[in-house]
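Read through the structure below, which is laid out as structure tokens, and then see the notes.
There are 2 protein chains.
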Amino acid sequence: MIILISNDDGIQSEGLHALVRAVSDLGQVWVVAPDREQSAVGHSITISEPIRYVDFELDGAFRTFAVNGSPADCVKLALSELLPEAPALVLSGINRGENTGISVIYSGTVSAATEGAINGIPAAAISVDSFSPTNYDAAAAVSRRTAELVMARGLPEGTLLNVNVPELPAEEIVGIKVVRQGRGRFKETFLKRTDQRGRIYYWMDGHKLPLDETDTDGIALLQGYVAITPIQFDLTHHAYLEELSEWATDFTLPRE
Amino acid sequence: MIILISNDDGIQSEGLHALVRAVSDLGQVWVVAPDREQSAVGHSITISEPIRYVDFELDGAFRTFAVNGSPADCVKLALSELLPEAPALVLSGINRGENTGISVIYSGTVSAATEGAINGIPAAAISVDSFSPTNYDAAAAVSRRTAELVMARGLPEGTLLNVNVPELPAEEIVGIKVVRQGRGRFKETFLKRTDQRGRIYYWMDGHKLPLDETDTDGIALLQGYVAITPIQFDLTHHAYLEELSEWATDFTLPRE
Numbered sequence: 041m042i043i044l045i046s047n048d049d050g051i052q053s054e055g056l057h058a059l060v061r062a063v064s065d066l067g068q069v070w071v072v073a074p075d076r077e078q079s080a081v082g083h084s085i086t087i088s089e090p091i092r093y094v095d096f097e098l099d100g101a102f103r104t105f106a107v108n109g110s111p112a113d114c115v116k117l118a119l120s121e122l123l124p125e126a127p128a129l130v131l132s133g134i135n136r137g138e139n140t141g142i143s144v145i146y147s148g149t150v151s152a153a154t155e156g157a158i159n160g161i162p163a164a165a166i167s168v169d170s171f172s173p174t175n176y177d178a179a180a181a182v183s184r185r186t187a188e189l190v191m192a193r194g195l196p197e198g199t200l201l202n203v204n205v206p207e208l209p210a211e212e213i214v215g216i217k218v219v220r221q222g223r224g225r226f227k228e229t230f231l232k233r234t235d236q237r238g239r240i241y242y243w244m245d246g247h248k249l250p251l252d253e254t255d256t257d258g259i260a261l262l263q264g265y266v267a268i269t270p271i272q273f274d275l276t277h278h279a280y281l282e283e284l285s286e287w288a289t290d291f292t293l294p295r296e
Numbered sequence: 041m042i043i044l045i046s047n048d049d050g051i052q053s054e055g056l057h058a059l060v061r062a063v064s065d066l067g068q069v070w071v072v073a074p075d076r077e078q079s080a081v082g083h084s085i086t087i088s089e090p091i092r093y094v095d096f097e098l099d100g101a102f103r104t105f106a107v108n109g110s111p112a113d114c115v116k117l118a119l120s121e122l123l124p125e126a127p128a129l130v131l132s133g134i135n136r137g138e139n140t141g142i143s144v145i146y147s148g149t150v151s152a153a154t155e156g157a158i159n160g161i162p163a164a165a166i167s168v169d170s171f172s173p174t175n176y177d178a179a180a181a182v183s184r185r186t187a188e189l190v191m192a193r194g195l196p197e198g199t200l201l202n203v204n205v206p207e208l209p210a211e212e213i214v215g216i217k218v219v220r221q222g223r224g225r226f227k228e229t230f231l232k233r234t235d236q237r238g239r240i241y242y243w244m245d246g247h248k249l250p251l252d253e254t255d256t257d258g259i260a261l262l263q264g265y266v267a268i269t270p271i272q273f274d275l276t277h278h279a280y281l282e283e284l285s286e287w288a289t290d291f292t293l294p295r296e
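Going line by line, the protein sequences match chains A and B.
The working numbering puts the first sequence at residues 41 to 296.
The working numbering puts the second sequence at residues 41 to 296.
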């Protein structure tokens, strides 16, 4: 059974290496990952340019490809061209930095797992809540257990797991919570500066806004829990469909 | 009242110009759009590099900025730095090519409108179902009516409208339907070729898979209707939360 692994921090990322080692005996591990960091690329795909790969060696992987594309490109290329058969599981991570709340929609890590789900393959994205993790042991163990359970039990069609792990020693993690995606988000600010030639540039920065919510991914993580959220890709605001339908009668068409 | 307009086809796009003209008397129109095509960038944001703008002139716009970033970058920069006050409405489009079904998650057009909704501003994305539209008259009229209705009635918090318009003369459009996002998607294929130096490259291509569904955005559009879908950005698979919670008891933590 093939396990496909990708990420958005790139092929050199320690989190990727830790994930590969954590599951290397659960299947034949194929790694298809970006050749450089692709954080915050969201669900971008490369359609206007060619993409290429180079072979790479990683401890614990059967084969490894470094691709000059996004995480979603990597999984699409793997499924269409590189793998000899469909994988039993797609894993993405271990990401440096949590992916909860609104951040999920900007996450390249989640997008790689989403590509798995779109193609009918059980998938999970794993992130650790630190931009400079000192070790990945707890997140690696959680990843392994996630892989075992998902392979044994499957997931509903079009569903993937978004797993966020606190940056704590394993023995200090409080427990596991299955929670909804919250509304936590960054408030962007832009540094405005002048370059060497006198031209203005902006550079995106930001800070987390306080969380005014309960029972969400962001809150569980803050409280020391591993947060697991089942996600899907139907963005419809179902509860609002009916009310909006009443508007449609006022939507005079151009001809009228 | 300010109307902020962006897109993903770039500042030179005829669809953008048609949208600006269509709403220019409904408010003070500010355009902040990518300086080149950014299709299929999904919800990417630029955090590792600076971004800049140049001033531009567009018929019907009060001010226009061409930004070397993604659609989401454009809206973030506009809201944080460029606009004198929060806009009453964010519009994105008119996109060349429909954004229905799974394509919504790859859409830069939708991501610009989503940035509006994240920031509490009513928003709509408008696309026309052709890669080479012969005219934008019907889509422009639909855009104008959408803008009027959304400004008059508002939208629930965190909600935007995804509007897809058939490429038909206005008088041939069958009507308006409020519908859910479907599962329509492209099946990717990759052209595999050898370059001038003998190295292999891949180039993403694809074709639409047949739609096996009813009452969706993709179906309504095919039937000649304007398809309007209210979308939001909570990706939680709510119906599956409870069942997955039962798993959590089997999720032995690393320490155990």
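Each residue gets a CB set at the ideal place from its N, CA and C atoms; glycine is no exception.
Beta-carbon neighbours of A:W243, restricted to chain B and to distances below 7 Å: Contact of A:W243 with chain B by beta-carbon distance below 7 Å involves P90.
Looking at the unbroken beta strand (DSSP E) that takes in B:E228, where does it start and where does it end? Segment 226 to 234, the beta strand (DSSP E) holding B:E228.
Return the residue from the list A:M244, A:D48, A:A112 that minimises the CA-CA distance to A:T154. Considering only alpha carbons, the answer is A:A112.
I want to verify the contact list: residues of chain A whose CB lies under 7 Å from the CB of B:R185, in sequence order. The contacting residues are F291, T292.
Buried or exposed, going by whether 16 or more other CB atoms sit within 10 Å of the CB of B:Q221? Flag for B:Q221 reads buried.
Of all the CB atoms in chain A, is at least one closer than 8 Å to the CB of B:V71? For B:V71, the answer is no, since every Cβ of chain A falls outside 8 Å of its Cβ.
Exposed or buried, B:R184, counting other C-beta atoms within 10 Å across all chains shown (16 or more means buried)? By the 10 Å Cβ count, B:R184 comes out buried.
Shorter than 8 Å from the beta carbon of A:R136 to some beta carbon of chain B? With 8 Å as the cut-off, A:R136 does not count as an interface residue toward chain B.
Looking only at its chain, what residues have a beta carbon closer than 7 Å to the beta carbon of A:S84, apart from the 5 residues adjacent to it on each side? Setting aside the 5 residues that flank it on each side, A:S84 is surrounded in the same chain by S110, A112, each with a C-beta closer than 7 Å to its C-beta; the list follows chain order.
Entirely within the region 260 to 295 of chain A and at least 4 residues each: give me those alpha helix (DSSP H) ranges in chain order. Whole alpha helix (DSSP H) segments, 4+ residues: 281 to 288.
Hey, is A:H57's beta-carbon within less than 8 Å of any beta-carbon in chain B? So, not an interface residue.
Along the chain, where does the alpha helix (DSSP H) containing B:V168 start, and where does it finish? Here B:V168 belongs to no alpha helix (DSSP H); instead the beta strand (DSSP E) covers 163 to 168.
Simplified DSSP state of B:A106, which is helix, strand or coil: Looking at B:A106 - three-state DSSP - the assignment turns out to be strand.
Proximity of A:A73 and A:C114 at Cβ, strictly below 8 Å: With contacts defined as CB atoms closer than 8 Å, A:A73 and A:C114 qualify as a contacting pair.
Say whether chain A places a C-beta atom closer than 8 Å to the C-beta of B:E253. At a cut-off of 8 Å between beta carbons, B:E253 makes no contact with chain A.
Under 7 Å between beta-carbons, which chain A residues line up against B:S120? List them in chain order, please. At a C-beta separation below 7 Å, B:S120 has these neighbours in chain A: E228, T229, F230.
What are the boundary residues of the alpha helix (DSSP H) that includes A:D49? In this chain, A:D49 is not harboured by any alpha helix (DSSP H), its DSSP state being neither H nor E.
Quick check on the DSSP output: what are the complete alpha helix (DSSP H) runs of length 4 or more inside the region 48 to 86 of chain A, in order along the chain? Runs of the alpha helix (DSSP H) lying entirely within the region 48 to 86 of chain A, each at least 4 residues long, are 54 to 63 in chain order.
Rounded straight-line distance, which links the Cα of A:T199 to that of B:H215: The residue you asked about is not His; residue 215 of chain B is Gly in the sequence shown. B:G215 and A:T199: Cα-Cα distance of roughly 33 Å.
Within 8 Å, strictly: CB atoms of B:G100 and B:E77: No, these two residues do not count as a Cβ contact at 8 Å.
Closer than 8 Å, CB to CB, is B:N47 near chain A or not? Cβ-Cβ to chain A under 8 Å: no for B:N47.
Classify B:V203 as helix, strand or coil using the three-state DSSP reduction. Secondary structure at B:V203: strand, using DSSP grouped into helix, strand and coil.
Would you kindly check if the distance between the Cβ of B:V219 and the Cβ of B:D257 is under 8 Å? It is a contact, given that the beta carbons lie within the stated cut-off.
Rounded to whole angstroms, how far is the Cβ of A:I145 from the Cβ of B:Y242, which I believe are closer than 8 Å? In fact, because the Cβ distance is near 27 Å, the residues do not count as touching under 8 Å.
Short of 9 Å Cβ to Cβ, which residues in the region 268 to 280 of chain A face chain B? The region 268 to 280 of chain A vs chain B, Cβ under 9 Å: I268, T269, P270, I271, Q272, F273, D274, L275, T276, H277, H278, A279, Y280.
Give me, in chain order, the residues of the same chain whose beta-carbon lies closer than 6 Å to that of B:V182; leave out the 5 immediate sequence neighbours on both sides. Closer than 6 Å at Cβ, skipping near neighbours: V205, V266.
Segments of 4+ residues assigned as alpha helix (DSSP H) that fall wholly inside the region 120 to 197 of chain B: The alpha helix (DSSP H) runs lying completely inside the region 120 to 197 of chain B and spanning 4 residues or more are 148 to 158, 177 to 193, given in chain order.
With three or more C-beta pairs closer than 8 Å as the rule, is the region 119 to 139 of chain A touching the region 260 to 277 of chain B? Remark: fewer than three beta-carbon pairs, one from each stretch, lie closer than 8 Å, so the region 260 to 277 of chain B and the region 119 to 139 of chain A are not flagged as touching.
Which one or two residues does DSSP pair with B:I91 in a beta bridge? Bridge partners of B:I91: A:Y242.
Comparing C-alpha positions only, which one of B:N47, B:F291, B:S120 sits nearest to A:R193? When only C-alpha atoms are compared, the closest one is B:F291.
Could you check whether A:I87 and B:I158 sit closer than 8 Å to each other, using their CB atoms as the reference points? Cβ distance not < 8 Å, so B:I158 and A:I87 don't count as in contact.
Relative to the C-alpha of A:R225, which candidate in A:D95, A:I213, A:K248, A:I240 has its C-alpha closest? Among A:D95, A:I213, A:K248, A:I240, the Cα nearest to that of A:R225 belongs to A:K248.
Going by other Cβ atoms of all chains shown within 10 Å of its Cβ, with 16 needed for buried, is A:M244 buried or exposed? Looking at its Cβ environment, which holds 16 or more other Cβ atoms inside 10 Å, A:M244 is buried.
Residue range of the alpha helix (DSSP H) that A:V115 falls in? Here the alpha helix (DSSP H) through A:V115 covers 111 to 117.
So, is the C-beta of A:V60 closer than 8 Å to a C-beta in chain B? For A:V60, no Cβ of chain B is located within less than 8 Å of the residue's own Cβ.
Chain A beta carbons: is any one of them nearer than 8 Å to that of B:V115? Not a single C-beta of chain A is nearer than 8 Å to the C-beta of B:V115.
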